[in-house]
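I have placed the structure first, in the form of structure tokens, so that the comments after it can refer back to it.
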Amino acid sequence: MISANNVNIMSDHDYCQNNNKLLKEDILSENHDILAKVRQISDTTNQQLPQSPSQHIQVETVNDLETDLDGVWQTVPSNKRSRLNENNQQCKKPRQLVTTETENRYDALSETNDMEEADISDRQEVKPPPIFIPDISNIKKMITSIESVISKDDYTYKLLNENKVKVCPLSISSYRTLIHKLTELKVTFHTFQLKQDRAFRVVLKNMHYSTDINDIKMSIEEQGFRVRNITNIREFKTKSPLSMFFVDLEPAQYNKEIYNVQYLLNAKIMFEPPRKRSEVVQCKKCQQYGHTKAYCWYPFRCVKCGKNHDTVLH
Ligand SMILES: [Zn+2]
Ligand SMILES: [Zn+2]
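The sequence shown runs 19 to 332 under this note's numbering.
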């Protein structure tokens with residue numbers, strides 16, 4: 019139990035840390051498609067704008083679509099530094115839903131605590147991460163937008179401070195649908211990597227830094243693990259290579275078994291969980307804390323001049 023909990027904590031941490039470029043590219047290309055489609059749709063609707071007053075209602079619908087596309091339920095993003103406390107907030111299924119789905123007959127006797135709730139929903143399906151949307155000016159329109167693509171029963175939301183809303187989709191598919199919709203509406207928001215896509219990161223120690231990464235990869239895979247990525251760890255200040263490597267394994271139940279591996283390529287080695295970083299991650303795109311660039315749909319914020327562009331443009 020204890021070790022399982024530790025692993026959970028570590029992978030939650032990975033939530034923010036893990037910069038899965040592949041997924042980002044995936045999402046970006048999908049976004050691109052959506053944007054193209056949206057443009058197409060608004061082009062055609064503009065062409066079909068009715069001229070006669072008898073079709074007035076239709077005109078309103080078109081206007082609604084257009085204003086919706088501008089994201090009228092959100093004020094212009096302020097790029098305010100976000101509070102840190104939203105960092106590890108997990109989405110929980112509403113208690114009602116959990117009890118109906120699991121038919122827990124003892125519900126009246128025992129108050130379900132957070133851990134139990136998490137266990138139950140983990141068994142059903144991996145929870146999607148929450149979506150954080152800042153600067154909400156019209157909650158009713160936000161809800162209408164959400165419920166135009168997913169069902170009322172498929173999400174909950176929580177109002178955080180400074181009119182920021184945390185939307186919790188209750189299934190992976192509603193999460194993906196909602197991300198598409200928000201992107202289509204050009205809403206500013208951030209989210210985290212899907213737990214099921216997250217790599218399992220371990221530290222390989224006592225392997226000489228000059229060892230070929232492909233050889234390390236092959237020897238780990240010979241043990242039955244699937245390696246996503248291996249990177250050499252460098253000394254923080256001098257940048258000189260250390261005889262340690264980050265090894266990212268593809269998600270799998272048996273990944274913890276890697277801690278039992280003692281030899282790779284004849285070398286006596288050790289696998290350890292990565293040390294939890296104490297500092298909070300900062301987004302390299304919008305400069306806010308608590309999420310990474312790959313899951314950020316805020317505008318760029320330049321650290322040199324504060325304007326909405328990438329700092330590297332200087
Ligand atoms: Zn960001
Ligand atoms: Zn600048």
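Note that beta-carbon positions come from the ideal geometry of N, C-alpha and C, so glycine has one too.
On a predicted model such as this, the values are computed, not experimentally measured, just so you know.
Best match in the options for proximity to residue i [C-alpha to C-alpha]
i, options, result
"residue 177", "253, 188 and 155", "155"
"residue 285", "261, 310, 158 and 325", "261"
"residue 153", "174, 179 and 165", "179"
"residue 251", "269, 174 and 231", "231"
"residue 169", "215, 195 and 148", "195"
"residue 216", "90, 270, 255 and 254", "270"
Rounded straight-line distance, which links the Cα of residue j to that of residue i
i, j, result
"residue 302", "residue 248", "22 Å"
"residue 226", "residue 292", "18 Å"
"residue 318", "residue 239", "39 Å"
"residue 218", "residue 290", "12 Å"
"residue 311", "residue 229", "31 Å"
"residue 237", "residue 281", "9 Å"
"residue 241", "residue 182", "46 Å"
"residue 192", "residue 268", "24 Å"
"residue 329", "residue 320", "5 Å"
"residue 253", "residue 259", "6 Å"
"residue 356", "residue 201", "Only positions 19 to 332 of the chain appear in this structure, which leaves residue 356 out of reach."
"residue 257", "residue 214", "32 Å"
"residue 174", "residue 90", "21 Å"
"residue 233", "residue 266", "15 Å"
"residue 94", "residue 283", "56 Å"
"residue 235", "residue 255", "27 Å"
"residue 26", "residue 162", "Unreliable positioning characterises residue 26 in this predicted model, as indicated by a pLDDT of 39, which lies under 50. The coordinate reading is nonetheless provided below. Roughly 35 Å between the two C-alpha positions."
8 Å Cβ cutoff met for residue i and residue j
i, j, result
"residue 187", "residue 171", "no"
"residue 288", "residue 224", "yes"
"residue 212", "residue 146", "yes"
"residue 92", "residue 185", "no"
"residue 304", "residue 313", "no"
"residue 332", "residue 325", "no"
"residue 209", "residue 149", "yes"
"residue 144", "residue 190", "yes"
"residue 207", "residue 151", "yes"
Presumed contact (8 Å Cβ cut-off) between residue i and residue j, rounded CB distance
i, j, result
"residue 221", "residue 264", "6 Å"
"residue 245", "residue 199", "Contact doesn't hold; Cβ gap of about 35 Å is too wide."
"residue 243", "residue 278", "11 Å between Cβ atoms; not a contact."
Burial state of residue i (16 or more Cβ within 10 Å)
i, result
"residue 158", "exposed"
"residue 327", "exposed"
"residue 309", "buried"
"residue 306", "buried"
"residue 51", "Note that residue 51 scores a pLDDT of 48, beneath 50, so its modelled location is shaky and nothing firm can be said."
"residue 78", "Since pLDDT at residue 78 reaches only 38, below the 50 mark, its modelled position is unreliable, and the value read off the structure follows with that caveat. Exposed, because fewer than 16 other Cβ atoms sit within 10 Å of the Cβ of residue 78."
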